[in-house]
Amino acid sequence: MQESYNEVPNIITGKDLDYLSDMFNWNLSAYKKLSNCLEQVKENDIKDIIRRASEMFHNNTQTILNILNQGGTNE
């Protein structure tokens, strides 16, 4: 029997954790690659684009870490 909720329970399932882990790794990898690329690029316009993209990926990793730090309760 499937239980219905009036509110979404505050839990992180194993499947949620796997997906969050994948998202974290994708964003961290992109952040590292762009950070390394930034050191090699000379043109300021391109550097600015790379810097903004790098910041976006870094912010994404921080958001995922915040979600994980909040955790959830196993109700």
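In this text, residue positions in the sequence shown follow the numbering used here: the first is 50, and each later residue adds one. All C-beta atoms in this analysis are idealised placements derived from N, C-alpha and C, irrespective of residue type, glycine included.
Can you confirm whether E92, when its beta carbon is compared against all beta carbons of chain C, has any partner nearer than 9 Å?
Absence of chain C from the displayed structure is noted, only one protein chain being present.
Using the three-state DSSP reduction, which class does E56 fall into: helix, strand or coil?
As a working note, residue 56 is residue 7 in the sequence shown. Of the three classes helix, strand and coil, the one that applies to E56 here is coil, per DSSP.
Contact check, I61 vs L117, beta carbons under 9 Å
Here the question's residue 61 lines up with position 12 in the sequence shown. Here the question's residue 117 lines up with position 68 in the sequence shown. Yes.
Beta-carbon contacts of N123 that lie in its chain and below 7 Å, excluding the five residues immediately before and after
Counting from one through the sequence shown, the residue named residue 123 turns up at place 74. In this prediction, N123 scores a pLDDT of 45, lower than 50, which makes its location untrustworthy; the coordinate-derived value is nonetheless stated afterwards. Answer for N123: I60, listed in chain order.
For Y80, count neighbouring Cβ atoms within 10 angstroms of its own Cβ and tell me buried if that reaches 16, exposed if not.
Here residue 80 corresponds to residue number 31 of the sequence shown, with the count starting at 1. Under this definition Y80 is a buried residue.
Please state the DSSP three-state secondary structure of K81.
Counting from 1 along the sequence shown, the entry for residue 81 is found at position 32. The answer is helix: DSSP assigns K81 an H, G or I state.
Should V90 and K96 be called a contact, given that it needs their Cβ atoms to be closer than 9 Å?
Residue numbering aside, residue 90 sits at position 41 when the sequence shown is read from its first letter. Residue numbering aside, residue 96 sits at position 47 when the sequence shown is read from its first letter. Yes, Cβ-Cβ distance for V90 and K96 is below 9 Å.
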